[in-house]
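>
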Amino acid sequence: MTDNVLEIRDLAVEFKTDTGITHALRDVSFDVPRGKVTAVVGESGSGKSVTANCIMRIIQPPGKIVSGDMMFSPTRTDPYDIVSLDNKDPRLVDLRGDLISMVFQEPMTALSPVYTVGNQVAEAILCHRDVTEEEAWEEAADMLTRVGIDDVPRRIHQYPFEFSGGMRQRVVIAMALVCNPEVLICDEPTTALDVTIQAEILTLIRDLQQELSNSVLFITHDLGVVAQLADQVVVMYQGRVLEIGTVRQVLKEPLHPYTRGLLAAIPGIVPKGQRLETIASVVGDSDIETAYPLTRLKDGREVSLSPEALREIDNE
Ligand SMILES: Nc1ncnc2c1ncn2[C@@H]1O[C@H](COP(=O)(O)OP(=O)(O)O)[C@@H](O)[C@H]1O
Ligand SMILES: [Mg+2]
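Going letter by letter, the sequence shown gives residues 34 to 349 in the working numbering.
1. Just checking, does the region 90 to 98 make contact with the region 168 to 178 on the three C-beta pairs under 8 Å criterion?
2. List the DSSP bridge partners of Ala72.
3. Among the candidates Asp119, Arg187, Ser134 and Met135, whose CA atom is the shortest distance from the CA of Thr149?
4. Assuming Val38 and Phe251 are in contact, meaning their beta carbons sit under 8 Å apart, how far apart are those beta carbons, in whole angstroms?
5. Specify the secondary structure class of Leu44 as computed by DSSP and reduced to three states.
6. If you drop the 5 nearest sequence neighbours on each side, which residues of the same chain put their C-beta closer than 6 Å to that of Thr55?
7. Output the boundary residues of the beta strand (DSSP E) element that contains Gly96.
8. Whole angstroms is fine: what's the gap from Gln261's alpha carbon to Leu144's?
9. Measuring only the C-alpha atoms, how far is Gln202 from Ser106?
10. Quick check on the burial criterion: 16 or more other C-beta atoms within 10 angstroms. Buried or exposed for Val147?
11. Who are the Cβ neighbours of Ile158 in its own chain at under 6 Å, not counting the five residues just before and after it?
12. Just to confirm the assignment, what range does the beta strand (DSSP E) spanning Leu275 have?
13. Report yes if the C-beta of Phe48 is less than 7 Å from at least one heavy atom of ligand 4; otherwise report no.
14. Have a look at Tyr270 and Ser62 and give me their C-alpha separation to the nearest angstrom.
15. With 16 as the cutoff for other CB atoms within 10 Å, does Thr50 come out buried or exposed?
16. Return the first residue and the last residue of the alpha helix (DSSP H) that Ile115 is part of.
17. Under the rule that 16 or more other beta-carbon atoms within 10 Å means buried, what is Phe137, buried or exposed?
18. In the DSSP output, what is Thr52 paired with across the bridge?
19. Leaving aside the five residues before and after Thr223 along the sequence, list all residues of the same chain whose C-beta is less than 7 Å from its C-beta, in chain order.
20. Within 10 angstroms of its Cβ, does Ile91 collect 16 or more other Cβ (buried), or is it exposed?
21. So is Thr165 buried or exposed if we call it buried at 16+ other beta carbons inside 10 Å?
22. Name the one or two DSSP bridge partners that Leu217 has.
23. For the alpha helix (DSSP H) that Thr142 lies in, which residues bound it at each end?
24. Got a sec, what are the start and stop residues for the alpha helix (DSSP H) Gln202 sits in?
25. Report, in whole angstroms, the separation of the C-beta atoms of Thr279 and Gln265, which I expect to be a contact under 8 Å.
26. Going straight from the alpha carbon of Glu322 to that of Ala57, what length do you get?
27. What number of angstroms, rounded off, separates the C-alpha of Leu128 from the C-alpha of Gly151?
28. Is any non-hydrogen atom of ligand 1 found closer than 7 Å to the C-beta of Pro222, if you look at the structure I gave you?
29. Which residue wins for smallest C-alpha separation from Val45, given the options Ile218, Gln282 and Val274?
30. I need the straight-line Cα distance from Ile133 to His161, nearest angstrom please.
31. Span of the alpha helix (DSSP H) holding Val83?
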């Protein structure tokens with residue numbers, strides 16, 4: 034068995050809109066090593082969620098996977114290419130929620146307001162496993178305790194609106210992990226939460242990953258989060274993978290100026306004395322447009338990461 038639970042190759046996704054075709058992903062290739070945390074980092078619109086949605090095969094029209102493959106090698110079944118599965122393939126049912134599960138930014142996307150928390154976590158188990166309702170509730174209670182919900186015997190019968198944002202996200206994490214998925218995808222799971230709660234949720238995800246040793250794909254726009262959590266980093270920009278490396282490589286010696294820009298936004302860890310080449314010359318493609326991200330430099334200046342600005346900083 035390969036050491037990678039997922040191998041994504043040359044993935045391309047297009048959205049056909051009134052104004053033309055948007056190339057949301059182009060030639061995206063990276064591996065998700067088994068039992069490790071892989072962070073996908075990039076600014077808003079860089080293609081992180083589309084990548085995650087491809088893995089779950091939940092890309093909706095007008096979006097379409099136009100090429101590429103994603104070899105999935107779970108320990109529980111034979112490997113297969115997720116892209117080539119027919120929409121009616123029974124493996125899709127196991128893929129979504131059982132083998133791979135996802136935690137979204139906004140907890141209420143995953144939770145229904147009209148069912149109790151216990152009901153929803155138990156249902157996640159009953160969907161995929163042959164257990165009695167009683168057993169499912171027992172496991173749900175157990176999982177809710179593990180994610181740090183207090184007073185589970187009472188809380189399990191409450192509705193999501195009776196929980197704070199952070200507690201709701203804990204419930205969603207319990208739902209995502211209760212079937213012991215081989216891959217957990219977290220798509221900006223803390224973005225909607227207060228800063229202090231964000232740190233708690235990150236710690237929880239990290240601790241549970243170490244305990245359950247599943248593979249995690251953690252999507253974020255924040256390289257600071259990556260430093261705390263990830264083993265491997267994939268940097269995306271405008272639908273492409275710019276850089277892949279260990280956290281140490283990417284944080285200590287970012288190859289790409291865009292990555293350095295993301296780093297520069299974190300106080301204190303901007304790499305010193307390195308040449309900054311232009312984005313266009315590195316990506317080598319004329320269709321990279323001028324939507325350069327803004328970033329704050331260590332001295333407090335806010336600059337747009339255009340090739341010109343980078344050259345200027347470089348010359349200083
Ligand atoms: N429903 C949609 N319709 C049209 N274009 C879309 C749609 N969803 C995503 N895209 C395109 O895909 C790009 C990447 O989106 P996304 O993966 O959601 O970015 P992010 O990195 O913020 O998660 C967007 O910039 C947009 O051009
Ligand atoms: Mg997104």
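Ideal Cβ positions, reconstructed from N, Cα and C, are used throughout, including at glycine.
So, to answer that:
1. At 8 Å Cβ cutoff, the stretches do not touch.
2. Counting from one through the sequence shown, the residue named residue 72 turns up at place 39. BP columns for Ala72 point to Phe251 and Val266.
3. Within the sequence shown, the letter at position 116 stands for residue 149. Ranking Asp119, Arg187, Ser134 and Met135 by Cα distance to Thr149 puts Arg187 first.
4. Taking the first residue of the sequence shown as position 1, residue 38 is located at position 5. Taking the first residue of the sequence shown as position 1, residue 251 is located at position 218. Their Cβ separation, rounded to whole angstroms, is 14 Å, which puts Val38 and Phe251 out of contact at 8 Å.
5. Position 11 of the sequence shown, counted from the start, is the residue given in the question as residue 44. Leu44: strand per DSSP, three-state reduction.
6. Here residue 55 corresponds to residue number 22 of the sequence shown, with the count starting at 1. Phe48.
7. Counting from one through the sequence shown, the residue named residue 96 turns up at place 63. From DSSP, the beta strand (DSSP E) with Gly96 extends over Gly96 to Phe105.
8. Working through the sequence shown from its first residue, we reach residue 261 at position 228. Working through the sequence shown from its first residue, we reach residue 144 at position 111. For Gln261 and Leu144, the distance between alpha carbons rounds to 27 Å.
9. Position 169 of the sequence shown, counting from 1, holds the residue named residue 202. Position 73 of the sequence shown, counting from 1, holds the residue named residue 106. Going by C-alpha positions, Gln202 is about 28 Å away from Ser106.
10. Numbered from its first residue, the sequence shown carries residue 147 at position 114. With fewer than 16 Cβ atoms within 10 Å of its Cβ, Val147 is classed as exposed.
11. Counting from 1 along the sequence shown, the entry for residue 158 is found at position 125. Counting only Cβ-Cβ distances below 6 Å, and skipping sequence neighbours, we find Ala169, Glu172 and Val211.
12. If you number the sequence shown from 1, residue 275 lands on position 242. From DSSP, the beta strand (DSSP E) with Leu275 extends over Arg273 to Thr279.
13. Among the ligands present in this structure, namely ligand 1 and ligand 2, ligand 4 is not found.
14. Counting from one through the sequence shown, the residue named residue 270 turns up at place 237. Counting from one through the sequence shown, the residue named residue 62 turns up at place 29. In a straight line, the C-alpha of Tyr270 is about 13 Å away from that of Ser62.
15. The sequence position of residue 50 within the sequence shown is 17, counting from 1. Thr50 counts as exposed, since fewer than 16 other beta carbons sit within 10 angstroms of its beta carbon.
16. Counted from its first residue, the sequence shown places residue 115 at position 82. It is not in any alpha helix (DSSP H) - Ile115 carries neither H nor E in the DSSP assignment.
17. As a first step, residue 137 is located in the sequence shown; it is residue number 104 there, counting from the start. It counts as buried.
18. The count along the sequence shown starts at 1 and reaches residue 52 at position 19. Thr52 is not bridged to any residue.
19. Taking the sequence shown and counting its residues from 1, one reaches residue 223 at position 190. Cβ neighbours of Thr223 beyond the five flanking positions: Gln231, Ile234 and Leu235.
20. Taking the sequence shown and counting its residues from 1, one reaches residue 91 at position 58. Label assigned to Ile91: exposed.
21. As a first step, residue 165 must be located in the sequence shown, where it is residue number 132. Label assigned to Thr165: exposed.
22. As a working mapping, residue 217 is identified with position 184 in the sequence shown. Paired residue(s): Ser134 and Val249.
23. As a first step, residue 142 is located in the sequence shown; it is residue number 109 there, counting from the start. Pro140 to Ala143 is the span of the alpha helix (DSSP H), which, as asked, contains Thr142.
24. One-based indexing of the sequence shown puts residue 202 at position 169. Unbroken alpha helix (DSSP H) run through Gln202: Gly198 to Leu210.
25. Here residue 279 is taken as the residue at index 246 of the sequence shown, counted from 1. Here residue 265 is taken as the residue at index 232 of the sequence shown, counted from 1. Yes, they are in contact, since the Cβ atoms of Thr279 and Gln265 sit about 6 Å apart, within 8 Å.
26. On the sequence shown, residue 322 is found 289 positions in, with the first residue counted as 1. On the sequence shown, residue 57 is found 24 positions in, with the first residue counted as 1. Any answer about Glu322 is weak, because its pLDDT of 32 lies below 50 and its placement is not dependable; what the coordinates show is given next. Near 14 Å, if we compare the C-alpha coordinates of Ala57 and Glu322.
27. By 1-based counting over the sequence shown, the position of residue 128 is 95. By 1-based counting over the sequence shown, the position of residue 151 is 118. Annotation: Leu128 to Gly151 spans about 23 Å, alpha carbon to alpha carbon.
28. Taking the first residue of the sequence shown as position 1, residue 222 is located at position 189. No.
29. For this step, residue 45 is matched to residue 12 along the sequence shown. Here the sequence assigns Ala to residue 45, which means Val is not the residue at that position. For Ala45, the nearest C-alpha among the options comes from Val274.
30. Counting from 1 along the sequence shown, the entry for residue 133 is found at position 100. Counting from 1 along the sequence shown, the entry for residue 161 is found at position 128. Going from the Cα of Ile133 to the Cα of His161 covers about 12 Å.
31. Counting from one through the sequence shown, the residue named residue 83 turns up at place 50. First-last of the alpha helix (DSSP H) with Val83: Lys81 to Ile88.
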